[in-house]
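**Q** This is the structure I want to talk about, given as structure tokens.
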Amino acid sequence: MADSGGTCVFCEIVKGERPAHIVLDTPDAMAFLDARPLFKGHTLLVPRTHHETLTDVPPGELGPFFAHAQRLAAAMESALDAAGSFVAMNNRISQSVPHLHVHVVPRNRKDGLRGFFWPRHKYDSDAEAADYASRLATALT
1 MADSGGTCVF
11 CEIVKGERPA
21 HIVLDTPDAM
31 AFLDARPLFK
41 GHTLLVPRTH
51 HETLTDVPPG
61 ELGPFFAHAQ
71 RLAAAMESAL
81 DAAGSFVAMN
91 NRISQSVPHL
101 HVHVVPRNRK
111 DGLRGFFWPR
121 HKYDSDAEAA
131 DYASRLATAL
141 T
């Protein structure tokens with residue numbers, strides 16, 4: 001599925017038509033901070049080409065795409081001093097934007113994340129969000 005066939009928020013971000021705090025920008029994928037993060041540094045990784053779900057992605061693109069997720073998970077620890085990370089995706093159910101995206105979330109023991117009732121933590125300011133994006137982007141280079 002090469003085109004969203006309509007308005008896709010993530011496609012707009014990829015095209016630079018909608019603002020986002022970019023963490024990773026490569027020819028095949030882009031990662032940016034989640035606007036409603038579970039924890040500060042919560043990043044969404046998307047393929048540049050519009051694919052709605054994991055099953056829509058051509059097999060040859062999966063390895064390179066998940067290599068970016070692997071790098072982001074490592075960046076959570078090195079750039080944000082997280083003890084680990086949570087890496088997840090939804091396919092259709094609970095997928096707030098119908099464009100494949102992987103959540104990479106920094107985690108620490110006793111951080112309050114339990115089950116599927118997750119609190120959201122807002123950034124104190126746009127500058128703070130920009131700082132998180134910059135720290136993660138630097139760790140990826």
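Each residue of the sequence shown is one higher than the one before, counting from 1 in UniProt numbering. Think of the CB as a built atom: it goes at the ideal place given N, C-alpha and C, for glycine as much as any other residue.
1) H103 and E52: beta carbons closer than 9 Å?
2) Pick helix, strand or coil for M76, following the three-state DSSP scheme.
3) For F39, which residues of its own chain have a beta-carbon under 7 Å away from its beta-carbon, when the five flanking residues on both sides are left out?
4) For the structure I just gave you, are there three or more beta carbon pairs, one from the segment 121 to 140 and one from the segment 57 to 65, closer than 8 Å?
5) Leaving out five residues before and five after A88 in sequence, what residues of the same chain have Cβ atoms less than 6 Å from its Cβ?
6) Compute the Euclidean distance between the alpha carbons of F66 and I13, then round it to the nearest angstrom.
**A** From the atom records:
1) no
2) helix
3) V105, P106, D111 and H121
4) no
5) H103
6) 20 Å
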